[in-house]
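Chemist: So the protein sequences, as listed, match chains V and U.
Just so you know, we're using the working numbering here: the first sequence kicks off at 324 and counts up by one.
Just so you know, we're using the working numbering here: the second sequence kicks off at 324 and counts up by one.
Number of protein chains: 2
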Amino acid sequence: MNNIETALCPKVEAAFTLLAKKWTGLILFSMASGEYCFNELMAAIPGLSARLLSVRMRELEEAGLVKRQVRDELSPIRVTYSLTAKGSSLAAVLLKIAEWANN
Amino acid sequence: MNNIETALCPKVEAAFTLLAKKWTGLILFSMASGEYCFNELMAAIPGLSARLLSVRMRELEEAGLVKRQVRDELSPIRVTYSLTAKGSSLAAVLLKIAEWANN
DNA sequence: TTACTAGCTTACTAATAGTAACCGCCTATG
DNA sequence: CATAGGCGGTTACTATTAGTAAGCTAGTAA
Chain V
324 MNNIETALCP KVEAAFTLLA KKWTGLILFS MASGEYCFNE LMAAIPGLSA RLLSVRMREL
384 EEAGLVKRQV RDELSPIRVT YSLTAKGSSL AAVLLKIAEW ANN
Chain U
324 MNNIETALCP KVEAAFTLLA KKWTGLILFS MASGEYCFNE LMAAIPGLSA RLLSVRMREL
384 EEAGLVKRQV RDELSPIRVT YSLTAKGSSL AAVLLKIAEW ANN
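Structure follows, in structure tokens:
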């Protein structure tokens, strides 16, 4: 048999752990271009609930993949979310998963 | 605000749903090259239990990403798992996630 | 005979996700 | 002024998934 040459480094494990949480991949993928507000993302990802979107956005913010901005010059106050550089480089890979899915 | 131009097609959703199950990504990634038997995968992926590995392998087999072979010419009987063409094209994308993780 | 390995499965508990209702703030309408 | 509605969530409760530990079948090995 083969032995496994790609050792699992903690960073790789962490990346897969993040993406293994439900909706995380789809959220990042959906955010690939531009800024979105909470309800836009809700509308873009059918089945995703406000509770989990809220939880995931906090996780992604903490992971440094997403930036949250309160735009209080608008009325009513809007909150927009956008990918950081780190986030959008990951989203680029996720676009390849979508390509793969389409064969 | 932006509108989201990447419509979520069912195939893309299905791909992310598969990868959102815990360990699926790591399993495919770990299988990227060659054949592995059950206990090799267990050893390669710390934290993964026999129960879930068994469940995941069945799912991946059903999804057509993994091929299971019982090698009864060996004693004791060995079972080996390898990626199908479909599986290894996905694993190639997962390798990019690992690259991303290493920055 | 006893022990050990491979490849699982089963029963049970803990963690994660889904559902529905509700909140505070602001604006628009009657 | 009252009330209705949208935005961006939170809370409480249920259902689904994952983790843990034990055990099982079949085949060596000592």
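The beta-carbon is built from N, C-alpha and C at its ideal position, and this holds for glycine as well.
In this text the structure is predicted, and so the values were computed from the model without any measurement.
Can you tell me whether residue 353(U) is buried or exposed, with buried defined as 16 or more other CB within 10 angstroms of its CB?
Modeler: Buried, because 16 or more other Cβ atoms sit within 10 Å of the Cβ of residue 353(U).
Chemist: Taking C-beta pairs closer than 7 angstroms, name the residues in chain V that residue 398(U) reaches, listed in chain order.
Modeler: What residue 398(U) touches in chain V: nothing, since even the nearest Cβ is about 15 angstroms away.
Chemist: Thinking just about the alpha-carbon of each residue, which of 417(U), 333(U) and 404(U) is nearest to the one in residue 381(U)?
Modeler: The shortest C-alpha separation from residue 381(U) is found at 404(U).
Chemist: Excluding sequence positions up to five away, which residues of its chain have a Cβ less than 6 angstroms from the Cβ of residue 384(V)?
Modeler: Hits under 6 angstroms: 391.
Chemist: Evaluate the contact criterion for the segment 332-343 of chain V versus the segment 339-354 of chain U: three or more CB pairs, one atom per stretch, below 8 angstroms.
Modeler: Yes: the two stretches touch, three or more of their Cβ pairs being nearer than 8 angstroms.
Chemist: Between the C-alpha atoms of residue 394(V) and residue 402(V), what's the straight-line distance to the nearest angstrom?
Modeler: If you take the alpha carbons of residue 394(V) and residue 402(V), they lie about 6 angstroms apart.
Chemist: Between 416(U), 414(U), 336(U) and 413(U), which lies nearest to residue 369(V) when the distance is taken from Cα to Cα?
Modeler: When each option's Cα is compared against that of residue 369(V), the closest is 336(U).
Chemist: Mapping the DSSP letters down to three states, classify residue 411(U) as helix, strand or coil.
Modeler: Three-state DSSP puts residue 411(U) in a helix.
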